[in-house]
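**Student:**
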Amino acid sequence: ETGVTQTPRHLVMGMTNKKSLKCEQHLGHNAMYWYKQSAKKPLELMFVYSLEERVENNSVPSRFSPECPNSSHLFLHLHTLQPEDSALYLCASSQGLSWANEKLFFGSGTQLSVL
Amino acid sequence: AQSVTQLDSHVSVSEGTPVLLRCNYSSSYSPSLFWYVQHPNKGLQLLLKYTSAATLVKGINGFEAEFKKSETSFHLTKPSAHMSDAAEYFCVVSDRRDNDMRFGAGTRLTVKP
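Same order as they appear, the protein sequences are chains A and B. For the first sequence, our numbering assigns the number 1 to the initial residue and increments by one for each residue that follows. For the second sequence, our numbering assigns the number 1001 to the initial residue and increments by one for each residue that follows.
In structure tokens form, the structure reads like this:
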């Protein structure tokens, strides 16, 4: 158990649906991240929040909308997704704010399928 | 810009034999380097991290990696594979100056009985 919990574990949605992914960390960390893991591709950083402020947005389409209401919770709101958005979405957290040099603690991910 | 290349997409070893997972990197600055492991249906877990201290880094579960600047490599090794080592392994390079962290495409390790 890494201390980072993601729900749901699996999600199937149609292209017109709206859904949200949730991440919670109980480690007292200061930064939280969303990553996308697609088959045969390197992990793609989507968003970084440091002290609840978004500090990185890696050219992610607007159909993905993150929210960080406090340092322990991170959401990814999804709407009008495409089939190519099907992937494993991983949440991570880290203690420090120099986030590119930090040890990351990952959740188990949400396996998303878009039909 | 920096990059990382994992030279093998799949490595298969027999239980009790050595493991070698290869990683080469490209970085214009002194990088930090990491190895993460991902077991099926799990998130990634840090195995070890190099940050310009000792070039031989020891990690969890008997793994270690050696930073070789002249070869721009950071290969992961273990003397004796265990069945529980079967997983996906990711090499990561990061540059603190640019706040840029790049993951390799991963190497799937299979351990045969």
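Glycine is no exception: its CB is placed at the ideal position from the N, C-alpha and C atoms.
1. Any C-beta of chain B sitting closer than 7 Å to the C-beta of L97 of chain A?
2. What is the rounded straight-line gap between the Cα of G1062 of chain B and the Cα of V55 of chain A?
3. Given a threshold of 16 other Cβ atoms within 10 Å of its Cβ, counted over all protein chains shown, does S1030 of chain B qualify as buried or as exposed?
4. Taking 7 Å as the limit between beta carbons, can you name the residues of its chain near M15 of chain A, skipping five residues before and five after?
5. For chain A, find out if any of its Cβ atoms is closer than 7 Å to the Cβ of F1103 of chain B; answer yes or no.
6. For G1016 of chain B, which residues in the same chain have their Cβ closer than 7 Å to its Cβ, ignoring the five residues on either side in sequence?
7. At a CB distance below 8 Å, what residues from the stretch 1084-1108 of chain B approach chain A? Give them in sequence order.
8. In the DSSP assignment, the beta strand (DSSP E) including P1031 of chain B goes from what residue to what residue?
9. According to DSSP, which residues form a beta bridge with F1074 of chain B?
10. Please list, in chain order, all residues of the same chain as G1059 of chain B whose beta carbon is under 6 Å from its beta carbon, the five residues on each side excluded.
11. Taking the beta strand (DSSP E) that L74 of chain A falls in, what are its first and last residues?
12. By a C-beta neighbour count over all protein chains shown, 10 Å radius and 16 as the cutoff for buried, is K1078 of chain B buried or exposed?
13. Would you please verify whether the beta carbon of L1046 of chain B is less than 7 Å from any beta carbon of chain A?
14. Counting Cβ pairs closer than 8 Å, one from the stretch 95-105 of chain A and one from the stretch 1086-1099 of chain B, do we hit at least three?
15. Determine the chain B residues that contact N58 of chain A at a beta-carbon separation under 9 Å, and present them in chain order.
16. Return no unless some Cβ of chain A is closer than 7 Å to the Cβ of S1032 of chain B.
17. Count the other C-beta atoms from every protein chain shown that fall within 10 angstroms of the C-beta of L1020 of chain B, then say buried if there are 16 or more, exposed otherwise.
18. Less than 6 Å between C-beta atoms, sequence neighbours within five positions excluded: which residues of the same chain meet that for H77 of chain A?
19. In the DSSP output, which residue or residues are listed as bridge partners for N70 of chain A?
20. Using a Cβ-Cβ cut-off of 7 Å, state whether K1042 of chain B counts as contacting chain A.
**Tutor:** So, from the data block:
1. No, L97 of chain A lies away from the interface with chain B (no Cβ there is under 7 Å from its Cβ).
2. Answer to the nearest angstrom: the Cα atoms are 36 Å apart.
3. By the neighbour-count rule (16 or more Cβ atoms within 10 Å), S1030 of chain B is not buried but exposed.
4. Excluding positions up to five away in sequence, the list reads T80, L81, Q82 and V114.
5. At a cut-off of 7 Å, the C-beta of F1103 of chain B has a neighbouring C-beta in chain A.
6. If we look at G1016 of chain B and ignore the five residues flanking it on each side, its Cβ neighbours are S1080 and A1081.
7. Within the stretch 1084-1108 of chain B, the qualifying residues are F1090, S1094, D1095, R1096, D1098, N1099, D1100, M1101, R1102, F1103, G1104, A1105 and G1106.
8. Looking at the DSSP string, P1031 of chain B is not in any beta strand (DSSP E), and its letter there is neither H nor E.
9. According to DSSP, F1074 of chain B bridges with B:F1067.
10. Take G1059 of chain B, set aside five residues on each side of it, and the residues of its chain with a beta-carbon closer than 6 Å to its own are L1047 and L1048, in chain order.
11. Run containing L74 of chain A: H73 to H79, per the beta strand (DSSP E) assignment.
12. By the neighbour-count definition (other C-beta atoms within 10 Å, threshold 16), K1078 of chain B is a buried residue.
13. True, the Cβ-Cβ gap to chain A drops below 7 Å.
14. Touching, per the Cβ criterion.
15. The premise fails here: N58 of chain A is roughly 10 Å from chain B at the closest Cβ pair, so nothing lies under 9 Å.
16. It does: the Cβ of S1032 of chain B has a partner Cβ on chain A nearer than 7 Å.
17. Its Cβ having fewer than 16 others within 10 Å, L1020 of chain B is exposed.
18. Answer for H77 of chain A: S20 and S65, listed in chain order.
19. DSSP, once it has assigned bridges, lists A:H73 as partnering N70 of chain A.
20. Output row for K1042 of chain B: interface = yes.
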